[in-house]
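Read the structure below first, then the notes.
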Amino acid sequence: MIIGYRINKINVNAEEPKGQLEIKANVKVDSIKKKDFFVAAEKKPGLEFGFNFTADYGQAGKISVDGFIFYIAAEEVMDEIEKKWTKDKKVDDDRMIPVLNKAMHLGYTEAIVLADRVRLPSPLRMPRVSAKKKEEKEETKEQA
Numbered sequence: 026m027i028i029g030y031r032i033n034k035i036n037v038n039a040e041e042p043k044g045q046l047e048i049k050a051n052v053k054v055d056s057i058k059k060k061d062f063f064v065a066a067e068k069k070p071g072l073e074f075g076f077n078f079t080a081d082y083g084q085a086g087k088i089s090v091d092g093f094i095f096y097i098a099a100e101e102v103m104d105e106i107e108k109k110w111t112k113d114k115k116v117d118d119d120r121m122i123p124v125l126n127k128a129m130h131l132g133y134t135e136a137i138v139l140a141d142r143v144r145l146p147s148p149l150r151m152p153r154v155s156a157k158k159k160e161e162k163e164e165t166k167e168q169a
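Numbering-wise (the working numbering), the sequence shown opens with residue 26 and increments by one.
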């Protein structure tokens with residue numbers, strides 16, 4: 026179970042975009058280590074997942090967000106995660122997917138704001154409101 030997070034490093038570099046931009050976003054876990062957390066005034070053992078989120082704009086720049094996701098579970102589950110990570114840098118999907126989703130959420134949240142500040146396009150396509158075309162409106166009226 027994810028109990029918290031901390032962002033510890035943000036890096037942004039931007040150049041004047043020239044031509045068509047291709048934005049590539051990526052998130053990865055680069056470390057897992059045991060750590061004690063205070064939860065409801067109690068010290069509990071847990072895991073700290075180090076992550077890196079990157080939005081790469083090619084020649085136009087890059088946004089990078091590094092941080093930690095704090096995770097607690099049954100002792101045997103955490104031992105299994107740490108053992109698999111130490112052995113081959115992998116963790117079962119049912120454990121890793123929620124961590125990656127949280128890291129991606131945090132990365133995109135920061136990157137959207139930062140991209141706006143340095144005048145780069147958002148790394149995530151934002152929804153847009155649009156009007157119905159005149160033909161669609163007329164078809165809808167006829168069907169009613």
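The C-beta atom is built at its ideal place from N, Cα and C for all residues, glycine as well.
Is the distance from the Cβ of Phe63 to the Cβ of Ile94 below 7 Å?
Against a cut-off of 7 Å, the Cβ pair of Ile94 and Phe63 comes out as no contact.
Do Gly92 and Ile27 have their C-beta atoms within less than 7 Å of each other?
Contact flag unset, no.
If you draw a straight line from the C-alpha of Ala66 to the C-alpha of Tyr96, how long is it?
Distance from the CA atom of Ala66 to the CA atom of Tyr96, rounded to whole angstroms, is 16 Å.
Taking the alpha helix (DSSP H) that Val131 belongs to, which residues open and close that run?
Per the sequence shown, residue 131 should be read as Leu rather than Val. For Leu131, the uninterrupted alpha helix (DSSP H) segment begins and ends at Asp118 to Arg142.
Which of the three DSSP states, helix, strand or coil, is assigned to Gly35?
The displayed chain sequence assigns Ile, not Gly, to residue 35. Looking at Ile35 - three-state DSSP - the assignment turns out to be strand.
So Glu105 is in the alpha helix (DSSP H); what residue range does that whole segment cover?
If you look at Glu105, you'll find it in the alpha helix (DSSP H) that goes Glu100 to Asp113.
I'd like to confirm the pairing. Which residues does DSSP put opposite Lys170 in its beta bridges?
As displayed, the chain neither begins before 26 nor continues past 169, which places residue 170 out of reach and without an answer.
When you compare each of Lys53, Pro123, Gly71 and Pro42 to Val90 by their alpha carbons, which one comes out closest?
Nearest C-alpha to Val90 among Lys53, Pro123, Gly71 and Pro42: Lys53.
Can you name the start and end residues of the beta strand (DSSP E) that Val154 belongs to?
Taken as a continuous stretch (DSSP letters only), Val154 belongs to no beta strand (DSSP E), as it is neither H nor E.
At which residues does the beta strand (DSSP E) containing Ile97 begin and terminate?
Taken as a continuous stretch (DSSP letters only), Ile97 belongs to no beta strand (DSSP E), as it is neither H nor E.
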